[in-house]
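In terms of our numbering, the sequence shown has 94 at position 94, counting the first letter as 1, and numbering is strictly consecutive.
Single-structure report; data block below.
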Amino acid sequence: MEKILVVIDVLSPDEKTLNFACYLANANHSKLTGVFLENLSYEDRAVIKSMYGSPYIETILTTDIPDNILKRKACEMAIIQFNKVCKNKGVAHYVHLDRGIPAEELIEESRFADFLIIDAETSFSKRTESIPTKFVKDVLANTECPVIISPDSFDGVDEIIFAYDGSGSSVYAIKLFTYLFPQFTDRMIRIVHVNKDDENIVSENRKLKEWLQSHYSNIDMVVLQGELGKLQGELGKELFAYLLEKENMFVVMGAYGRSWVSNLFTKSDADLVVKSINLPVFIAHY
């Protein structure tokens, strides 16, 4: 049983992400913790005023500000809906309400979780953002547990894609996913090796398959051969091209910001990889 976090913006709760989180919680027989993030516009603060020529201090509470009263009501409704969905799907659940700076609150929560689930469009900015948003990028770069980016729609998992580039971080992600999701050992496993040169490829692939055969029974390997010296970002695009229009797959990647995987989430490629492929993506730190 794992501790699973699902990230919920109290002003814009996402039903598809919650449904996906419930699926994983049921599959793992785990409890689901809804982390309700609220980005307060104001802090409690004291304001110096004057009455009859003498100064005095007036405290303005966030609860007295009309916008925050609406936020509180929206939060209450979001929690009610979360409890209802979890109960209907038979998922044991908790509620954590975090008020403050969302990224900081979530990173602290992640320290005591096995993994967290987030929608790539989650944002606390008033401006229109690209996908994934700055908030999601901050979480991916700094979280202290694996992150799963939820898909737009989900019908189950028939196949697991292990994105492998020969790095320790990609192997770590594969191992961690395997330990966290033992219920997927009967699925089709496809190692997608994005290789930027030929050095040690045969030996590495043999060793990886040997380890995987201890956990999975149906394994295949696809090599996306990059040209020697090819830019890492181009290799990321090769992986995207392979995943495009695929369905019912779970994609597993190495640490965000530490290898070629980070290039999948650059400003230019983000919309393509996260939005265009409708697949859950598991990303682990190394």
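Backbone N, C-alpha and C define an ideal beta-carbon position, used for all residues, glycine too.
Asked	Found
Beta-carbon contacts of K3 that lie in its chain and below 8 Å, excluding the five residues immediately before and after	S30, K31, T33, F112, A113, D114
Distance, A141 Cα to S123 Cα	16 Å
Candidates M188, K89, L106, V10: closest to A25 by CA position	K89
Limits of the unbroken alpha helix (DSSP H) element including T17	15-28
Closest Cα partner of T185 within the set P280, I219, G166	I219
Paired residues, beta bridge with T33 - DSSP	L5, Y94
Buried or exposed (CB count within 10 angstroms, at least 16 for buried), Y164	buried
Neighbourhood of H215 by C-beta distance below 7 Å, restricted to the same chain and skipping five residues each side	T178, T185
Proximity winner among A27, S150, K126, relative to A92 (alpha-carbon distances)	A27
Neighbourhood of E129 by C-beta, 6 Å cutoff - its chain only, sequence neighbours within 5 removed	S123
Same chain, Cβ closer than 7 Å to E105, five either side skipped, listed in chain order	L37, D98
I131 - DSSP class collapsed to helix/strand/coil	coil
Selection from D138, L11, P280, D119 that minimises the alpha carbon distance to I107	D138
Nearest residue (CA-CA) to I161, options V147, N83, R190	R190
M221 versus V202 - alpha carbon distance	12 Å
Cβ neighbour criterion (16 or more within 10 Å) applied to M253	buried
Any non-hydrogen atom of the ligand ATP within 8 Å of L244 CB	No copy of the ligand ATP appears in this structure; indeed no ligand is present at all.
Reference S12, options K71, E210, C22, closest by Cα	K71
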